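First up is the structure itself, then whatever we jot down about it.
Number of protein chains: 2
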Amino acid sequence: MSVGFELIARDGDARAGRVTTAHGVFETPAFMPVGTAATVKAMAPADLRRVGAEILLANTYHLMLRPGAERLERLGGLHRFMNWEGPILTDSGGFQVLSLAKRREVREDGVAFRSHLDGALWDLTPERAVAIQKSLGADIAMVLDECPPFPIEKGRVAESTARSMRWAARSKAAFEVREGHGLFGINQGGVYEDLRAESAEALTSIGFDGYGVGGLAVGEGQEQMFAVLDHVVPLFPRDKPRYLMGVGKPEDLLGAVARGIDMFDCVLPTRSGRTGQAFTHRGSVNLRNARHADDPRPLDEACGCATCGGYSRAYLNHLVRADEILSAMLLTAHNLHFYLRLMRGMGEAIQERRFTDFKAGFEAELAKGDIAPV
Amino acid sequence: MSVGFELIARDGDARAGRVTTAHGVFETPAFMPVGTAATVKAMAPADLRRVGAEILLANTYHLMLRPGAERLERLGGLHRFMNWEGPILTDSGGFQVLSLAKRREVREDGVAFRSHLDGALWDLTPERAVAIQKSLGADIAMVLDECPPFPIEKGRVAESTARSMRWAARSKAAFEVREGHGLFGINQGGVYEDLRAESAEALTSIGFDGYGVGGLAVGEGQEQMFAVLDHVVPLFPRDKPRYLMGVGKPEDLLGAVARGIDMFDCVLPTRSGRTGQAFTHRGSVNLRNARHADDPRPLDEACGCATCGGYSRAYLNHLVRADEILSAMLLTAHNLHFYLRLMRGMGEAIQERRFTDFKAGFEAELAKGDIAPV
Numbered sequence: 005m006s007v008g009f010e011l012i013a014r015d016g017d018a019r020a021g022r023v024t025t026a027h028g029v030f031e032t033p034a035f036m037p038v039g040t041a042a043t044v045k046a047m048a049p050a051d052l053r054r055v056g057a058e059i060l061l062a063n064t065y066h067l068m069l070r071p072g073a074e075r076l077e078r079l080g081g082l083h084r085f086m087n088w089e090g091p092i093l094t095d096s097g098g099f100q101v102l103s104l105a106k107r108r109e110v111r112e113d114g115v116a117f118r119s120h121l122d123g124a125l126w127d128l129t130p131e132r133a134v135a136i137q138k139s140l141g142a143d144i145a146m147v148l149d150e151c152p153p154f155p156i157e158k159g160r161v162a163e164s165t166a167r168s169m170r171w172a173a174r175s176k177a178a179f180e181v182r183e184g185h186g187l188f189g190i191n192q193g194g195v196y197e198d199l200r201a202e203s204a205e206a207l208t209s210i211g212f213d214g215y216g217v218g219g220l221a222v223g224e225g226q227e228q229m230f231a232v233l234d235h236v237v238p239l240f241p242r243d244k245p246r247y248l249m250g251v252g253k254p255e256d257l258l259g260a261v262a263r264g265i266d267m268f269d270c271v272l273p274t275r276s277g278r279t280g281q282a283f284t285h286r287g288s289v290n291l292r293n294a295r296h297a298d299d300p301r302p303l304d305e306a307c308g309c310a311t312c313g314g315y316s317r318a319y320l321n322h323l324v325r326a327d328e329i330l331s332a333m334l335l336t337a338h339n340l341h342f343y344l345r346l347m348r349g350m351g352e353a354i355q356e357r358r359f360t361d362f363k364a365g366f367e368a369e370l371a372k373g374d375i376a377p378v
Numbered sequence: 005m006s007v008g009f010e011l012i013a014r015d016g017d018a019r020a021g022r023v024t025t026a027h028g029v030f031e032t033p034a035f036m037p038v039g040t041a042a043t044v045k046a047m048a049p050a051d052l053r054r055v056g057a058e059i060l061l062a063n064t065y066h067l068m069l070r071p072g073a074e075r076l077e078r079l080g081g082l083h084r085f086m087n088w089e090g091p092i093l094t095d096s097g098g099f100q101v102l103s104l105a106k107r108r109e110v111r112e113d114g115v116a117f118r119s120h121l122d123g124a125l126w127d128l129t130p131e132r133a134v135a136i137q138k139s140l141g142a143d144i145a146m147v148l149d150e151c152p153p154f155p156i157e158k159g160r161v162a163e164s165t166a167r168s169m170r171w172a173a174r175s176k177a178a179f180e181v182r183e184g185h186g187l188f189g190i191n192q193g194g195v196y197e198d199l200r201a202e203s204a205e206a207l208t209s210i211g212f213d214g215y216g217v218g219g220l221a222v223g224e225g226q227e228q229m230f231a232v233l234d235h236v237v238p239l240f241p242r243d244k245p246r247y248l249m250g251v252g253k254p255e256d257l258l259g260a261v262a263r264g265i266d267m268f269d270c271v272l273p274t275r276s277g278r279t280g281q282a283f284t285h286r287g288s289v290n291l292r293n294a295r296h297a298d299d300p301r302p303l304d305e306a307c308g309c310a311t312c313g314g315y316s317r318a319y320l321n322h323l324v325r326a327d328e329i330l331s332a333m334l335l336t337a338h339n340l341h342f343y344l345r346l347m348r349g350m351g352e353a354i355q356e357r358r359f360t361d362f363k364a365g366f367e368a369e370l371a372k373g374d375i376a377p378v
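These protein sequence lines map, in sequence, to chains A and B.
For the first sequence, the positions run 5 to 378 when the working numbering is used.
For the second sequence, the positions run 5 to 378 when the working numbering is used.
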């Protein structure tokens, strides 16, 4: 019943595990490529498999507006719609309502807003968010929450967090238990330890299939983010997966796994792939830069992806400058391959009890910066 | 030596053959996907193989401006640069100079123009066009010619065609014979039979590895285009491939093959794929249309491509409306698969001496129009 979580190994606070859903298994630490509008931009499902993706994230806010949850349900759900047979986690829509929608108003009942597409008026309540995610067919659904901006005074964070916890309870009450499907709660509380602790206590007493950490990577910086994780992760049950939402850079993933986080999602590898930015084991590279125009070497000689196997930096530079779709395809594939290989590397290191060395070695390489020009 | 052409079968005037180049063999009738800037837009080379592409076309004008012919030569040529191991035909740059460049001036020596990218001044002569195509490593190079606009008075077409024939002779003189590499002449003369005949005679007396028909599909209409082909194709040597440049719709390909044409290139399947237009055996379909929003059926049930195997019209409609890169990827792949399957179908029909039936059957299906909405 629900989604299953098997803890395979621990190394310090870092964990390796396995999550079982209605659409199959994924290993943790896991990175979920972001498939905002029922597509991971510039990647076909076969491409996603090829780079090692096991679970995708999709955005409820975007999908409820277009093509619409009822339509998606009639068409057999999100998996069939986008031709992805593996697990899918959907967010609740709350984050995008607050970052994208117009004239939003947060009330005790839920949030009212106007679509950024056509200005139509919408209501999203905790119960409706759960129902929509069921229509989509999400393997893992998230509770509706409010992600407060940063910086913001503590009193307003406290008020917002308390309401998010009431929404969490309503979400749980509305969630229909089905084999292989789960609901995750979301910890809030900004950078305030006491609020984070109260939120964690509220969530664990409600009881969820996993625990998200929300409201981070909104400008507080890596140090404060890690401080929050140091404080709050130990408050979650050990036998459930923990998910740091919307994070992050490779260094963030290493530090968060070290603190006991199991799951991540972030637009960074995909969005960067569309703007000529690539991740390598020697740090990030801007392919638009003229230094690459005559460089016959691949992006990352240590990389086994199809982009590095077939194309030079010179070609990638040309594609980025010519604004060719293939540049988004090749760089997105490379970046996701890099991220997913990092996750696999962390998982293996944890199982072999050498995570600290792995992390230090990876960070040392990253800090070297890009290879010298030819 | 040069490129080889083996005529395998004839059925009426339609021909099936095989062209051997330095980078392998392609069957005719052949359609060449257009890889303007060293990439067929939205398609990786593996995708091109998957849809059945055997030879690509690349545009000398675009490549000489960016990334530059000298750079491409230093990097090992176009094949290595774009990771395509099969044959490549390059145009001479003349057509794009006249359609894209700024402040162009055609003189006896060649054409002077300013780059549409940065306004830089360039000169393109017949000799330089041949040299650039050698730098690119083209298996088949085209002579520099001038493609007159339509409509235009006969005197100006005559003058332009005569100069293009002088350029053709200079191109041939400048072309260095190498194993597996060939140079094609280009027939001009607008819609005027006598000018077309004079041009064909000039070209055949120079002697080329193949014969292009240029200056068509510029607004004269299918009837006049076919009339020109009826008149001029019989004037070409039988033992060389004939290439109708920049054409066309599926109906154009059927009619041109019936008149003895062996090779084609056109941006239609790729450009249409980026604007939500798809080709099916029942005619063309605009995926942006709301009639597809709830349609669970594939684009074309008779199609064996990955797009039709994995995705509904509803999903394609969603991707087009959301302006997702995946819509360009899936529709371009489908459209090229459709075109290349049509070419293969024509080739098989010619070899089995049933081309007339094949053509009539294909045209009858096309004329039915799209399937009724669900």
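For every residue, glycine included, the Cβ atom is placed at its ideal position computed from N, Cα and C.
Since the model is a prediction, treat every value here as computed from it, not as a measurement.
- With contacts defined by Cβ atoms closer than 8 Å, V251(B) and A260(B) form a contacting pair.
- Secondary structure note for R19(B): its beta strand (DSSP E) is the uninterrupted segment A18 to T25.
- At a C-beta separation below 7 Å, R107(A) has no neighbours in chain B, since its nearest C-beta there lies roughly 22 Å away.
- Relative to the Cα of L93(A), the nearest Cα in the group T25(A), G114(A) and T129(A) belongs to T25(A).
- Counted as a single uninterrupted DSSP element, the beta strand (DSSP E) harbouring F35(A) occupies residues A34 to M36.
- The straight-line gap separating the alpha-carbon atoms of P300(B) and G218(A) is approximately 36 Å.
- Taking 7 Å as the upper bound on Cβ-Cβ separation, chain A lies near residues A41, A42, T43, K45, A46 and A48 of the stretch 39–68 of chain B.
- Within the stretch 292–305 of chain B, contact with chain A at the beta-carbon level (separation under 8 Å) is assigned to A297, D298 and P300.
- Within chain A, the C-beta atoms nearer than 8 Å to that of A318(B) come from P71, R75, L79 and F85, in chain order.
- Going by DSSP, W88(A) is part of no alpha helix (DSSP H) at all; its letter is neither H nor E.
- For Y343(B), the three-state secondary structure derived from DSSP is helix.
- At least one CB of chain A lies nearer than 8 Å to the CB of H322(B).
- The stretch 163–238 of chain B is shown to contain whole beta strand (DSSP E) runs of 3 or more residues at 186–191 and 214–217, in chain order.
- Interface annotation for the stretch 326–347 of chain B against chain A: A326, E328, I329, L330, A332, M333 and L334, criterion Cβ-Cβ distance under 8 Å.
- For G98(A), there are no C-beta contacts with chain B under 8 Å, since the nearest C-beta of that chain is about 21 Å from it.
- Within chain B, the residues whose beta carbon sits less than 8 Å from that of G314(A) are P49 and N87, listed in sequence order.
- DSSP places N290(B) in the uninterrupted beta strand (DSSP E) bounded by G287 to N290.
- Counting only runs that start and end inside the stretch 55–112 of chain B, the beta strand (DSSP E) elements of at least 3 residues fall at 60–62, 92–94 and 106–110.
- Where E131(A) is concerned, the enclosing alpha helix (DSSP H) starts and stops at P130 to L140.
- Under the DSSP assignment, T284(A) falls in the beta strand (DSSP E) whose first and last residues are Q281 to T284.
- Within the stretch 251–336 of chain A, the complete alpha helix (DSSP H) segments of 4 residues or longer fall at 254–262, 272–277, 310–314 and 317–325, listed in chain order.
- D374(B) and T40(A) have their C-alpha atoms some 31 Å from each other.
- Between the alpha carbons of P152(B) and G280(A) lies a gap of roughly 39 Å.
- Looking at the DSSP output, G114(A) sits in no beta bridge, so it has no partner there.
- Here F30(B) carries a strand assignment [DSSP, helix/strand/coil].
- When secondary structure is reduced to three states using DSSP, I354(B) falls in the helix class.
- When beta bridges are read from the DSSP output, E10(B) appears opposite R22(B).
- Bounds of any alpha helix (DSSP H) do not take in A145(B); it lies within the beta strand (DSSP E) bounded by I144 to M146.
- Taken atom to atom, the span from the alpha-carbon of E31(A) to that of D143(A) is near 15 Å.
- With a 10 Å radius around the Cβ and a threshold of 16 neighbouring Cβ atoms, K138(A) comes out buried.
- For L248(A), there is no enclosing alpha helix (DSSP H); the enclosing beta strand (DSSP E) has its first and last residue at R246 to L248.
- Contact between the stretch 62–72 of chain B and the stretch 81–100 of chain B is present: 3 or more CB-CB pairs across the two stretches fall below 8 Å.
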